[in-house]
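Trainee:
Numbering (our numbering), first residue to last: 384 to 926.
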């Protein structure tokens, strides 16, 4: 077992892309951010120092289960207190899952400013070991003309938003945080492409001219080989694909990353939007480099619902012990001087607690099983005892007035389901009969929900912890389209370690209690007087 260590001070730097310069968040004076690599069985230790000056932060390890290690999940006011400027916190976790992952800030809009990077876990026992010669890491992302701290209030504020609640639209597309990267390859070799969408808002089509490829992994789950022409990859999703190069090196080929613009409000699209980014599959440096994106009349995208996990895990049959319906919506929520566009599940927008939810669990005793200690409304949900299967999904319907609500990401679960409609899944044609579901369902941790559509999942609750379930479009998450799953709280109390001393100091420096309910009350956990009513237009915690 190897101990992988790193020191990561975060600070602002200036980067110029798409003919515009703006600050980004650099790690170790480096941007794009470094890739973290490890092997199954390794222990990763990352010392994070916040040099941002006036912003708090946390780092989330997207897709990593953190079994028995909830305190290192990196979710602010859920698993930890945010890290204040000048402070350091050491994340430690074990690599138990092979595949393609990434890390990013979980403080509002920071990862769109550059605080993000690939996390790759190698598996010597992979069923595809020995079937490729080299691997290439490819990220696709959107690039905004301004920092998220400036754009967020313009989006959420009813007074400032010029488009009736529409999200800010990016200026351009990037690949590996560049406008035209080159990937060197050799003829007659097989390459393992690890493709990650690290965007804040945009879904992407991915196309390699005159080549196709084979999906063998999605979100860290090995899949049966699936040949495809193109990919559709949502924010937060990852694919592992095998690409066989051509037999000759007499030409170089463009790689296209194209933003799917149909989810954007046409009125909010900048006149100079550049939705395509073109990279180069470089066979021969002496040959011409493609100067333009390939002309693709239509993308031939394989529906990820048809992917089959290589391990053959069968459908969870029978009647579920608990059925949960989550209907998402957008609405206005007003407080004097703080009128905002908000989003939520079942008409409830997410509002941060005064005490991190994990600390509430650890301090609440038997009251930890009472949902009221975490929130005054009907949620957050309390789920006992997971492994999630994507068992049903509708295509939905699109119109110019619809918002694409997705992708959704469950921290630590393999999938989830919600309804994007005022109706319900049954009314839309969903059958709860196992006979209508795949025998071996697709599994992943991030998935799309179409406008006026639904997604249905099944999972076994087997990972005690406090976990986020949220939209991975950053603007929607900032608007409150997230919730906390409190899973097996009594098991958390008996199985989780105490709050790390390093984190206790960080919390105390912000006057954040280490015990108590959502309102900070540690005497009567059912008393929520003083609970935050509406999230202010702030970034991170108040410092």
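Note that beta-carbon positions come from the ideal geometry of N, C-alpha and C, so glycine has one too.
Just to confirm before moving on: does the CB-CB distance between residue 531 and residue 495 stay below 8 Å?
Mentor: Yes.
Trainee: Whose CA, out of 902, 908, 907, lies closest to the CA of residue 915?
Mentor: Checking every option, the nearest Cα to that of residue 915 belongs to 902.
Trainee: What is the DSSP secondary structure of residue 415, reduced to helix, strand or coil?
Mentor: The answer is coil: DSSP assigns residue 415 none of H, G, I, E or B.
Trainee: Identify the continuous alpha helix (DSSP H) that holds residue 612 and give its terminal residues.
Mentor: Per DSSP, residue 612 belongs to no alpha helix (DSSP H) and is neither H nor E.
Trainee: Assess, as a yes-or-no matter, whether the segment 448–456 is touched by the segment 838–857 under the definition of 3 or more beta carbon pairs within less than 8 Å.
Mentor: Enough Cβ pairs lie closer than 8 Å, so yes.
Trainee: Got a sec, what are the start and stop residues for the beta strand (DSSP E) residue 565 sits in?
Mentor: Run containing residue 565: 565–567, per the beta strand (DSSP E) assignment.
Trainee: On a CA-only basis, which of 476, 432, 446 is nearest residue 425? Give me that one, please.
Mentor: Among 476, 432, 446, the Cα nearest to that of residue 425 is on 476.
Trainee: Should the segment 624–639 be called in touch with the segment 706–724, which here means at least 3 C-beta pairs below 8 Å?
Mentor: No: fewer than three Cβ pairs fall under 8 Å.
Trainee: Please state if the CB of residue 549 and the CB of residue 648 are separated by a distance shorter than 8 Å.
Mentor: Taking 8 Å as the Cβ cut-off, residue 648 and residue 549 qualify as a contacting pair.
Trainee: Taking buried to mean at least 16 other C-beta atoms within 10 Å of its own C-beta, is residue 737 buried or exposed?
Mentor: The residue is buried, with at least 16 neighbouring Cβ atoms inside 10 Å.
Trainee: For residue 702, is the classification buried or exposed, using 16 other Cβ atoms within 10 angstroms of its Cβ as the cut-off for buried?
Mentor: Flag for residue 702 reads exposed.
Trainee: Should residue 706 go down as buried or exposed, given a rule of 16 or more other Cβ atoms within 10 Å for buried?
Mentor: Exposed is the call here.
Trainee: So, with DSSP's three-state summary, where would you put residue 514?
Mentor: In the structure shown, residue 514 sits in coil (DSSP, three-state: anything other than H, G, I, E or B).
Trainee: According to DSSP, simplified to helix, strand and coil, what is residue 781?
Mentor: Residue confidence is low: residue 781 scores 41 on pLDDT, short of 50, so the model does not pin down where it sits. Its coordinate-derived value is still stated next. DSSP places residue 781 in coil when its eight states are reduced to three.
Trainee: If you pair each beta-carbon of the segment 508–523 with each one of the segment 870–884, do three or more pairs fall below 8 Å?
Mentor: No: the two stretches stay apart, fewer than three of their Cβ pairs being nearer than 8 Å.
Trainee: Relative to the alpha-carbon of residue 827, which residue among 537, 446, 408 has its alpha-carbon at the smallest distance?
Mentor: The shortest Cα separation from residue 827 among 537, 446, 408 belongs to 446.
Trainee: Leaving out the 5 sequence neighbours to the left and right, which residues in its chain are closer than 6 Å to residue 750 when beta-carbon positions are compared?
Mentor: Here the set comprises 756, 908.
Trainee: Quick check on the DSSP output: the beta strand (DSSP E) that includes residue 897 runs from which residue to which?
Mentor: From DSSP, residue 897 is part of no beta strand (DSSP E); its letter is neither H nor E.
Trainee: Do you know whose CA, among 524, 546, 886, 519, lies nearest residue 569's CA?
Mentor: It is 519.
Trainee: Of the residues 890, 862, 743, which one's Cα is nearest the Cα of residue 726?
Mentor: Out of 890, 862, 743, 862 has the C-alpha closest to the C-alpha of residue 726.
Trainee: Between residue 657 and residue 775, is the Cβ-Cβ spacing less than 8 Å?
Mentor: Cβ distance not < 8 Å, so residue 657 and residue 775 don't count as in contact.
Trainee: In this structure, does DSSP put residue 655 in helix, strand or coil?
Mentor: Correct three-state label for residue 655: coil.
Trainee: Hey, how far is the Cα of residue 535 from the Cα of residue 543?
Mentor: Roughly 10 Å between the two C-alpha positions.
Trainee: What whole-angstrom Cβ distance do residue 472 and residue 444 have, given they're in contact under 8 Å?
Mentor: Not really, about 13 Å apart at Cβ, beyond 8 Å.
Trainee: Assuming residue 890 is part of the alpha helix (DSSP H), what are its boundary residues?
Mentor: It spans 884–892 - the alpha helix (DSSP H) in which residue 890 sits, taken as one unbroken run.
Trainee: Going straight from the alpha carbon of residue 695 to that of residue 582, what length do you get?
Mentor: Rounded to the nearest angstrom, the two C-alpha atoms are 31 Å apart.
Trainee: For the beta strand (DSSP E) containing residue 484, name the first residue and the last one.
Mentor: Note, residue 484: beta strand (DSSP E), 482–488.
Trainee: Provide the residue span of the alpha helix (DSSP H) that contains residue 860, from first to last.
Mentor: Counting along the chain, the alpha helix (DSSP H) containing residue 860 begins and ends at 857–861.
Trainee: Could you tell me the alpha carbon to alpha carbon distance between residue 724 and residue 567, rounded to whole angstroms?
Mentor: Computed Cα separation, rounded: 46 Å.
Trainee: Is the Cβ-Cβ distance between residue 522 and residue 489 less than 8 Å?
Mentor: No.
Trainee: Taking DSSP as the reference, what is the three-state secondary structure of residue 450?
Mentor: It is coil, neither helix nor strand.
Trainee: For residue 906, which of helix, strand or coil comes out of DSSP?
Mentor: The answer is coil: DSSP assigns residue 906 none of H, G, I, E or B.
Trainee: Can you give the Cα-Cα distance for residue 651 and residue 580, rounded to whole angstroms?
Mentor: Computed Cα separation, rounded: 22 Å.
Trainee: Applying the criterion that 16 or more other CB atoms from any shown protein chain within 10 Å of the CB defines a buried residue, is residue 646 buried or exposed?
Mentor: So residue 646 ends up on the buried side.
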